[in-house]
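Notes for the one structure printed next.
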Amino acid sequence: MSLNDDREFDYSEADFEKIRKVIYTKAGISLSDSKKQLVYSRLARRLRALKLPNFNTYLQYLHANDQEHEEFVNALTTNLTAFFRESHHFDILANHAKKLKIHNRKMRIWCSASSTGEEPYSIAMTLVEAFGTYEPPVEIIASDIDSNVLREASSGIYTMQRLENLSLAQKKQFFRRGTGKNSGKARVVEELRNMIDFRKINLLDENWHIQPSLDIIFCRNVMIYFDKLTQLRLLERMTRLLRPDGLYIAGHSESFSQANHLVSLVGKTTYALVKQKGSELNQERDIKKEVDLKKDAANEI
Numbered sequence: 000m001s002l003n004d005d006r007e008f009d010y011s012e013a014d015f016e017k018i019r020k021v022i023y024t025k026a027g028i029s030l031s032d033s034k035k036q037l038v039y040s041r042l043a044r045r046l047r048a049l050k051l052p053n054f055n056t057y058l059q060y061l062h063a064n065d066q067e068h069e070e071f072v073n074a075l076t077t078n079l080t081a082f083f084r085e086s087h088h089f090d091i092l093a094n095h096a097k098k099l100k101i102h103n104r105k106m107r108i109w110c111s112a113s114s115t116g117e118e119p120y121s122i123a124m125t126l127v128e129a130f131g132t133y134e135p136p137v138e139i140i141a142s143d144i145d146s147n148v149l150r151e152a153s154s155g156i157y158t159m160q161r162l163e164n165l166s167l168a169q170k171k172q173f174f175r176r177g178t179g180k181n182s183g184k185a186r187v188v189e190e191l192r193n194m195i196d197f198r199k200i201n202l203l204d205e206n207w208h209i210q211p212s213l214d215i216i217f218c219r220n221v222m223i224y225f226d227k228l229t230q231l232r233l234l235e236r237m238t239r240l241l242r243p244d245g246l247y248i249a250g251h252s253e254s255f256s257q258a259n260h261l262v263s264l265v266g267k268t269t270y271a272l273v274k275q276k277g278s279e280l281n282q283e284r285d286i287k288k289e290v291d292l293k294k295d296a297a298n299e300i
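Using numbering that gives the first Met the number 0, the letters of the sequence shown correspond one by one to residues 0 to 300.
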């Protein structure tokens, strides 16, 4: 069945089904039928760039050229973001940072869908303000599957319109106005850029090369693109990277009722780890052992 309504390129139901299978295999993204037009408009740019006549030819090209896989995934991933989007999460981050500051412990954060960088830079700004220094004891890993947005994020250059959510004080402290060809733009200050380790990570990869003992994972408005089984598998892997008192921060449209054995809601779309029975038993055993040792020591005296 054809999906063409005076479209520039031939585009059929079969084309959409093939595209749906490929993006699921490559990135775990589950496309609903409502995404047919979105897929057409996103990939039509690739057809124009490659001077290909229709989607069937593009799919053949995709199959034969591994280097096109990255462009394909980049085209179909959504990168809607803004500075301090869902601002309540950054209040939670600041409070968590202040608790760790008391204990004089390094804070580790993974922003797992950093897009064009607004989210990780918002994290960095929050931590600079919380710790009162440009060199807070923190590690921020910011990753995305889209190599194009990662390049934009690492450059830290934005139009002035994209800074609208920021206060005047934040703009003055954390950005420098562009001149010449960068007129009308601003760049994140070097100290803030140096706080973030940008990496390309596909969440479906077997190894993310991220060490455990994370304090917070930001994974906002990402899980909605995966089916329930993939969501659960990813959540299981991510929670294994968290410290016992760590937090998992989700997006406003995401909930994990199917994973209440892993996480429990402790704030607005903010989750903590569920204490497993095994770990509770071990904790009880350790306490009993400590009490017994104290008794033995008292008897020896």
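Using N, Cα and C, we set each Cβ at its ideal position, and we do this for glycine too.
Reference residue i; option with closest CA among the options
i, options, result
"residue 169", "59, 122, 214 and 109", "122"
"residue 209", "270, 141, 41 and 224", "141"
"residue 75", "89, 151, 40 and 17", "40"
"residue 188", "236, 97 and 127", "127"
"residue 228", "37, 192, 179 and 203", "203"
"residue 132", "6, 262 and 190", "190"
"residue 113", "37, 145 and 47", "145"
"residue 245", "108, 55, 173 and 115", "108"
"residue 139", "96, 103, 167 and 178", "96"
"residue 173", "193, 149, 180 and 179", "193"
"residue 102", "198, 130 and 255", "130"
"residue 35", "225, 21, 12 and 156", "12"
"residue 42", "55, 32 and 217", "55"
"residue 238", "124, 155, 218 and 225", "218"
"residue 206", "143, 99, 236 and 27", "236"
"residue 177", "162, 92, 156 and 160", "156"
"residue 163", "64, 199, 84 and 151", "84"
"residue 6", "53, 254, 151 and 261", "53"
Counted within 10 angstroms of its Cβ, other Cβ atoms place residue i as buried (16 or more) or exposed
i, result
"residue 10", "buried"
"residue 214", "buried"
"residue 111", "buried"
"residue 19", "buried"
"residue 211", "exposed"
"residue 299", "With a pLDDT of only 43 at residue 299, under the threshold of 50, the placement of this residue in the model should not be trusted; the figure read from the coordinates follows. By the neighbour-count rule (16 or more Cβ atoms within 10 Å), residue 299 is not buried but exposed."
"residue 119", "buried"
"residue 179", "exposed"
"residue 117", "buried"
"residue 125", "buried"
"residue 80", "buried"
"residue 90", "exposed"
"residue 268", "buried"
"residue 167", "exposed"
Three-state secondary structure assigned by DSSP to residue i
i, result
"residue 147", "helix"
"residue 182", "coil"
"residue 133", "coil"
"residue 199", "strand"
"residue 159", "helix"
"residue 311", "Missing from the structure shown is residue 311; the chain here goes from 0 to 300 and no further."
"residue 269", "strand"
"residue 261", "coil"
"residue 301", "Because the chain here runs from 0 to 300, residue 301 falls outside it and cannot be looked at."
"residue 106", "strand"
"residue 256", "helix"
"residue 6", "coil"
"residue 141", "strand"
"residue 242", "strand"
"residue 187", "strand"
"residue 90", "helix"
"residue 286", "For residue 286, the predicted model reports a pLDDT of 36, less than 50, meaning its position is unreliable; a value from the coordinates is still stated below. The answer is helix: DSSP assigns residue 286 an H, G or I state."
"residue 164", "coil"
"residue 53", "strand"
"residue 213", "strand"
Own chain, CB closer than 7 Å to residue i, minus 5 neighbours either side, in chain order
i, result
"residue 147", "73"
"residue 175", "185, 186 and 188"
"residue 158", "183 and 184"
"residue 258", "231 and 234"
"residue 263", "270, 271 and 273"
"residue 78", "114, 115, 145 and 148"
"residue 265", "271"
"residue 242", "212, 213 and 214"
Residue-level contact to chain B via CB, residue i, 8 Å cutoff
i, result
"residue 138", "No chain B is present in this structure, which holds just one protein chain."
Contacts around residue i, its chain only, beta-carbon distance under 8 Å, and the 5 residues preceding and following it disregarded
i, result
"residue 44", "74"
"residue 252", "220 and 223"
Rounded Cβ spacing between residue i and residue j (contact assumed at less than 8 Å)
i, j, result
"residue 105", "residue 136", "5 Å"
"residue 69", "residue 60", "Actually they do not touch by this definition, with Cβ atoms about 14 Å apart."
"residue 248", "residue 62", "Contact doesn't hold; Cβ gap of about 38 Å is too wide."
"residue 30", "residue 21", "Wrong, their Cβ atoms sit about 10 Å apart, outside the cutoff."
"residue 303", "residue 197", "Here the chain has residues from 0 to 300 only, and residue 303 is not among them."
"residue 26", "residue 201", "6 Å"
Sequence-distant residues of its chain with Cβ nearer than 6 Å to residue i (five each side left out)
i, result
"residue 46", "8 and 57"
"residue 165", "82"
"residue 51", "57"
"residue 226", "29"
"residue 99", "106"
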